[in-house]
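Okay, structure first, notes after.
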Amino acid sequence: MRLLLAWILWKLCWAGPGFAEFQVPHLSFPESSSIVAVPVLRSGGRDGTLEAWVRVNTTATSKEASEYRFQDQLLRWEDQDSWPRAVTLELIDDNISETSVEVLVLSLDNSSGIRDLEVVVGPDVDGGIISFTHGTENLRETTPMLPEGPKPHCLIYAERILQSHGVATLWLQGCDSDFRVEASKGIDYSLLNASEPVVWQNGEVDRRCILQSVDSTLQDLNRSMQNLPPWQNGIRIWQDADVELDEVLCFGFISTGATLATRRVEFRLADAGTDGAGIAVCTQGEACLVNLTGLHVGRSDRIITTRNCTWFACAANMYADYELATDENNTIYVPAADLMYHDTGAWYTCRCFDVLQEAQAVLKVDLQGPFRDNFWACVLGWPGCHGRLTSSGDKALQHVRVLQSCPKLGMNATSDFRDLGVTARYNSSTDLFDLVDVQTVTKTDPGLYELCWCQENPDTGRNCSDVFEFIVVAGRLQVNGPYRLAEQTFDVNTALKVSLKGTELTSQDVLWLSEFPDCEGGRRMHTDSGYIFRMDAAENSVSGEQTVCWCRPGDQSSCTDKEHFQEIGKIIVKCVGDFVNFQGKCVMCHFPWDVPRADGEECEIDGLRAAGLTVMSIFLTISFVLALFQVEVSKAPPFFSMRRIHIEDVSVEGQDERLVMQSLGPHHLWVGASFDVKLHGTNHFLLDGKTRRATVLDRFRLELTDESGRFFVADASLGHFTLSPWGTFWYGQILYCIPLLAMVIFPFAAGAGISQVAQTRMAMSTTIVASEFVLAILICGISKSRTRLSSLSLRVRQYSS
C-alpha cells in the first residue's frame, strides 16, 4: 500500500517534462569575480525533453552592456534527466570606478518557477579612483580643444581620489576608436612614451602630469624626452598647413590597484587651416630659402613643393626633392629654375612619408609673381598703351618689359638676345601698368610679344635694371595693326590696289598716301575690309615716292593729324614714256640729249642721242660759218672762197672820171663802204689777179681805183671778185643772211624736238641725215651763178648812171 501511494505521489509530482527555474532569485558578486556560474534547475517533471532559453532582460538591467559578456544560452534536458544546469556570466573588471550597485537581470522563457534572476554587482573602489583633468576641466565630462603646435604645458593630469589603499599604477596608451577623422601618430603628432608607469604608493593621492606638451624640433625630441621624468609621457603636436576638420586625439589607460574614472581621454585639434604653420614668401625668378624651423621635418626627410600635398603627388615623382641644409639649419634651398615651373599662388612644402604612404603639408609657400594669362592689346601708332596685370605681391615694386621673348634663366649680356627697350611701370591711381616707351613698341611689327616680369627685392639687392632679370613670363601683348609693306611700283594715272597683312584690321581703319615722309597731308584710299585698299585712276595723279600711312580711329586718335598716322611703307608712282617725276608731276626732260631713267625719277644722258646732237651741232656751226661769211665753192680756182660777187661789166663812166664795176644782180654791200677786192676771170691784165680798191656806189655799182686810190682805165664784161672773211662780215648786209640762217636752224630744232618726243634712234638718225642734206643743198645754192642782165638793160642802166 505504501508503495502504491508512493508511486501515485511520484506520478503526480514528476509526470510531464516539467519546467526550468533559477535556483535562487538573487546573487551578489564583486566586479572582480570575472566568471560567474548561475545554476538552473528542472522542476515539475522529467518525462520527455525540456528546452529553455536564458536571456538578458535589457529593460530591467542597469549595468552597461560593455561591462559584462553574456550570450543567449539554450538549456536542454533529455527524458528522465533532472541534473542542474549552469549558465556562465563574465563580469569585466574595467578599472572604472563604480560607486553604486549595478544590477544584471537574466530571464528564462520556459519557467513556472523563478523566472528572473538578479545578479547584483557591488561597488569597486578599493584602491581609489584615478580621475583625469586638463587644467580645471574634467576629461570625463568634456572634450577640450587643442591648437596645433601648443606651447609647452600639461595636457593630462591624473589624480587618485576617494581611496588610497595599496599601490596604484597607470600606463598611457592609444585607444581603439571609431572617429571619422583621427590624428595620425607620427604625422600629426609625435608621442614620447614613458619608460615607467605612474605609481601611487599606499596613501599617496597627489596630482601627476602624465602627458606633457613639448615645443621641440624633430631633431630635439629625444633630448626633450631626457628632460622629462621617466614616468611622464611627452607629445609634440605638429603645426602644419593641412586642412583637417574635427580631428580627434585619443588616449587610453591601463591601471592596476585603482579604478579609472574614464577609460579614454579625447582632445579635438583646432585646425589653423593652410596658414597654420605660417607662410613663406618666395618670388618668381629668384631662388628662395624656406625656413622650416620647428616644423615636422628632419635631416633625411623627403620634401617636395607641390600645389596639392597628397601621397599621389609624392608618388608621381613630378617635383624636385629637397633636404634640410644641415641638422642645425632647418632651411631648404629652392632654385629659381624650379620656381619657374610653378604658377603664382599658394604652394606647399610637402613631407612625403614613403613607408606610410602619407603626405603632410608642412608649410604654405606664397609664390609671388604674375599670372601667365595676362593679355594686353595696343594699337599701332596710338600714343598710349596700358594694361592690367594680375599678380600677387607689391605692384609698386614690380616692373614689366615688352620683349620678343623673355630671356632664359642664366642668360647674360653676352647672349644673343633682342631687347625692344620697352618698359611698363605701375600706376597706383589707375591700378594699371603704363608702357613708358609706347612709341617704340608701336613702331615695331604688329603681332604677339611677351610681357616679362621682375620684382625688386631690397633684401637681395635686386633692382630690375638688367633685362636679363626679366625671366618670368607674365602674359602676352598684342600690337594690332598692319605689317610693313614691301615697296611696290605703280604707273601714274592707273588704279591702285594695296593689300595689307596684319593683326585685327577693321574696315574703319584709315590709309592714305602722303608725299611727305612724316605723313603730313595725303590722299585717302578706300576699303571695305581693312585688308585691301583701293584708289581710282583719276585720283592717282601724283607721281614719285609716296608714304603709306595707316591710322585707326578711336579714343586716342581721330586720324586727322599727322601724329595720328603710322608710316608702314613706301610705294612708287612712276611716270611713263618720256616723262619724269618732278615735284609730284610728270614732266619731260629739259635737255634734248636726256632720257628718263628706268625708275622715272631723274633724267640721264642717252649716248646715241648725245652723239647725234653733237654731230648736228658741228654741222650747225659749219652752217653758221658758211652762211655768216658767205663761203662759196666754185668749179675754177680758187675753188673755196669767201663772199664772191660776179661782175656784169667794168667800164669808165663820164669823162674818164671813174671806173665803175657793175655786179651781176644786187651785191648786198653797204653803200659807201670802201675795201680791197681781188678780181678774177676778167681777161684784163689790169684786173685779173690784182688787188684793187672798191667803193660801193649803190645796189649794183662799185667804183674801182688802184691801191693808192688813183683812177685807171679798164674794160671787162665778165669775171668776179672776192672779199676777205672780215670784209664779208663788216661790209656785207647780214640781214640778207637771216633767211638762210633760219633754214639752217630749223632742221636742227626739228630734229631735236622729234628725237625728244619720239625717243627713237631712227628718228634721230633721220633728223641728222636731213640736216646734212639741207646744208649740202644750201652750200650748193650759194655757189650758183646769178642771172645775167640783157645787153639792152645793161646799156640803159649805164646810160642812166
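Counting with mature numbering (1 follows the signal peptide of the UniProt record, and there is no 0), you get residues -20 to -1, 1 to 781 for the letters of the sequence shown.
The beta-carbon is built from N, C-alpha and C at its ideal position, and this holds for glycine as well.
Here the structure is a predicted model, which means the values were calculated and not measured.
Check	Outcome
Length of the line joining the Cα atoms of Leu369 and Met505	38 Å
Length of the line joining the Cα atoms of Val567 and Ser537	38 Å
Cβ-Cβ distance between Leu682 and Ala674 below 8 Å	yes
Beta-bridge partners of Leu84, as assigned by DSSP	Val99
Meets three-Cβ-pair contact criterion under 8 Å: the segment 135 to 155 and the segment 250 to 266	no
Residue burial classification, Pro462 (beta-carbon count within 10 angstroms, cutoff 16)	buried
Whole-number beta carbon distance between Leu84 and Thr41, since they are thought to touch under 8 Å	5 Å
Beta-carbon proximity check, Asp255 vs Arg331, cutoff 8 Å	no
Integer-rounded CB distance, given that Gln53 should sit under 8 Å from Val34	5 Å
Beta-carbon proximity check, Val630 vs Thr662, cutoff 8 Å	yes
CA-to-CA distance, Phe545 to Gln739, given in whole angstroms	For Gln739, the pLDDT reaches just 49, beneath the cut-off of 50, and the residue's location in the model is therefore unreliable, leaving the point undetermined.
Supposed close pair Ser385, Gln348 - CB separation, criterion 8 Å	Rounded, the Cβ-Cβ distance is 23 Å, inconsistent with contact.
Anticipated Cβ contact below 8 Å, Leu126 with Phe231, distance rounded	So it is not a contact: roughly 12 Å between Cβ atoms.
Cβ-Cβ distance between Ser196 and Pro130 below 8 Å	no
Member of Ala174, Pro646, Ala250 and Leu119 whose CA lies at the smallest distance from the CA of Ala163	Ala250
Separation of Thr474 from Ser523, as counted between CA atoms	11 Å
Ala518 burial status per 10 Å Cβ neighbour count (16 or more: buried)	exposed
Backbone CA spacing between Ile451 and Ala326 [nearest angstrom]	20 Å
Close beta carbons around Asn271, own chain, < 8 Å, minus the five adjacent residues each side	Ala260, Asn310 and Thr311
Integer Cβ distance of Gly580 from Glu467, believed to fall under 8 Å	That belief does not hold up - the Cβ atoms of Gly580 and Glu467 are roughly 14 Å apart, past 8 Å.
Val418 to Val380 span [Cα, whole Å]	13 Å
Spatial neighbours of Lys165 in its chain, beta-carbon cut-off 8 Å, leaving aside the 5 residues before and after	Gly154 and Leu171
Inter-residue Cα distance where the pair is Ala148 and Gly237	4 Å
Sequence-distant residues of its chain with Cβ nearer than 7 Å to Pro(-4) (five each side left out)	Gly25, Asp27, Gly28, Thr29 and Leu30
Buried or exposed by the 16-neighbour rule on C-beta atoms within 10 Å, applied to Arg589	buried
8 Å CB neighbourhood of Ser521 in its chain, flanking five on each side removed	Val472 and Asn473
Pairwise C-alpha distance: His570 and Trp706	37 Å
When Ala174, His648, Asn118 and Glu547 are compared against Trp362, the one with the closest alpha-carbon	Glu547
Closest residue to residue 783 among Ala357, Tyr299, Met596 and Gln526 (Cα-Cα distance)	Residue 783 lies beyond the stretch modelled for the chain, which goes from -20 to 781, so this question has no answer here.
Coil, strand or helix - Cys760 by DSSP	Because the pLDDT at Cys760 is just 47, under 50, the model does not fix this residue reliably, and the value given afterwards should be weighed accordingly. Helix.
Member of Gly258, Val277, Pro177 and Asp61 whose CA lies at the smallest distance from the CA of residue 784	With the chain represented from -20 up to 781, any question about residue 784 goes unanswered, as that position is not in the structure.
CA-to-CA distance, Pro210 to Pro132, given in whole angstroms	18 Å
Three-way DSSP call (helix, strand, coil) for Cys155 in this model	coil
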